[in-house]
Amino acid sequence: DAGVIQSPRHEVTEMGQEVTLRCKPISGHDYLFWYRQTMMRGLELLIYFNNNVPIDDSGMPEDRFSAKMPNASFSTLKIQPSEPRDSAVYFCASRTGGRSYGYTFGSGTRLTVV
Amino acid sequence: GDSVTQMEGPVTLSEEAFLTINCTYTATGYPSLFWYVQYPGEGLQLLLKATKADDKGSNKGFEATYRKETTSFHLEKGSVQVSDSAVYFCALEHNTDKLIFGTGTRLQVFP
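Residue numbers (my numbering), protein chains in the order written: chain A, 236 to 349; chain B, 1300 to 1410.
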């Protein structure tokens, strides 16, 4: 299995532009999570899906952030408009089975908003 | 609410030294406990886990024992290598589908 695949690996954009981050979970995994990692705030859960349905989006910072999972093999996290404070590493993770299985993380997208 | 507390880093050791990274948790009942490792420029990888009291998780020479009486899950390794240099995260999952992470502890191992 190729693992959780995220794209792009790096993204540099100007303030105000729309940014779309992509994630392909491991086949058969029915949970998908989006995290953000910064030095100041550590790892923050933004949103997670179960069977393509958003379950908890309480971590989404504000209306500029949106996430979709149109099918079991693809999810997007969109920021519109982007701001410099959105600069961070964004991770996608997926999981199957019971809660004790743990997550498999992707390699992340490093976003820089200038 | 549920939470995880890790020791502050960085932890700096010489190669072959003994490693302990402390982790304590707050939760009612019996959460599942995990250690994840993050190498530079990469995502988090599951290192080991334990799902009930007194369980010992182990992998790649690392060990951690689920201690209900002290609500702890300390990570240990008998002899660290330079390649173990990374950030280590303790986490728990309890009654939800969400992992709760500690703040991470950076380990630096020098030859």
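Here a beta-carbon is modelled for each residue, glycine too, at the ideal position from N, C-alpha and C. As the structure is a prediction and not an experimental result, all values here were calculated from the model.
Sixteen is the threshold: since fewer than 16 other Cβ atoms of the shown chains lie within 10 Å of the Cβ of Arg244 (chain A), the residue is exposed. Sorting A:Lys313, A:Ile314, A:Ser308, A:Ser322 by C-alpha distance to the C-alpha of Asp265 (chain A) places A:Ser308 at the top. With respect to Gln272 (chain A), Val324 (chain A) sits close: the two C-beta atoms are nearer than 8 Å. Secondary structure of Val254 (chain A) (DSSP, three-state): strand. Leu346 (chain A) places its beta carbon less than 8 Å from that of Glu246 (chain A). Contacts between Thr1304 (chain B) and chain A, judged by CB atoms closer than 8 Å, are missing: the closest CB pair is about 12 Å apart. Boundaries of the beta strand (DSSP E) around Pro305 (chain A): 300 to 306. Taking the C-beta atoms as reference points, Val1386 (chain B) is found no nearer than 8 Å to Leu1312 (chain B). Near chain A, meaning a CB-to-CB distance below 9 Å, the residues of the region 1390 to 1406 of chain B are Ala1390, Glu1392, His1393, Asn1394, Thr1395, Asp1396, Lys1397, Leu1398, Ile1399, Phe1400, Gly1401, Thr1402, Gly1403.
When the five nearest sequence neighbours on each side are left out, no beta carbon in the same chain lies closer than 7 Å to the beta carbon of Gly1300 (chain B). Within chain A, the residues whose beta carbon sits less than 7 Å from that of Glu1341 (chain B) are Ser342, listed in sequence order.
DSSP places Ser1331 (chain B) inside the beta strand (DSSP E), whose first and last residues are 1331 to 1337.
Against chain A, a Cβ distance below 8 Å from Leu1345 (chain B) picks out Gly337, Tyr338, Thr339. By the C-beta density criterion, Ala1363 (chain B) is buried, having at least 16 other C-beta atoms within 10 angstroms. Cβ atoms of Pro1330 (chain B) and Leu1391 (chain B) come within 8 Å of each other, at about 4 Å.
Cβ contact annotation for Tyr338 (chain A) (same chain, cutoff 6 Å, sequence separation greater than five): Ala328, Arg330, in chain order. Going by DSSP, Lys1367 (chain B) is part of no beta strand (DSSP E) at all; its letter is neither H nor E.
Secondary structure note for Tyr336 (chain A): it is in no beta strand (DSSP E), with a DSSP letter that is neither H nor E. Contact check for Tyr1324 (chain B) against Ser1302 (chain B) passes: the beta carbons are separated by less than 8 Å.
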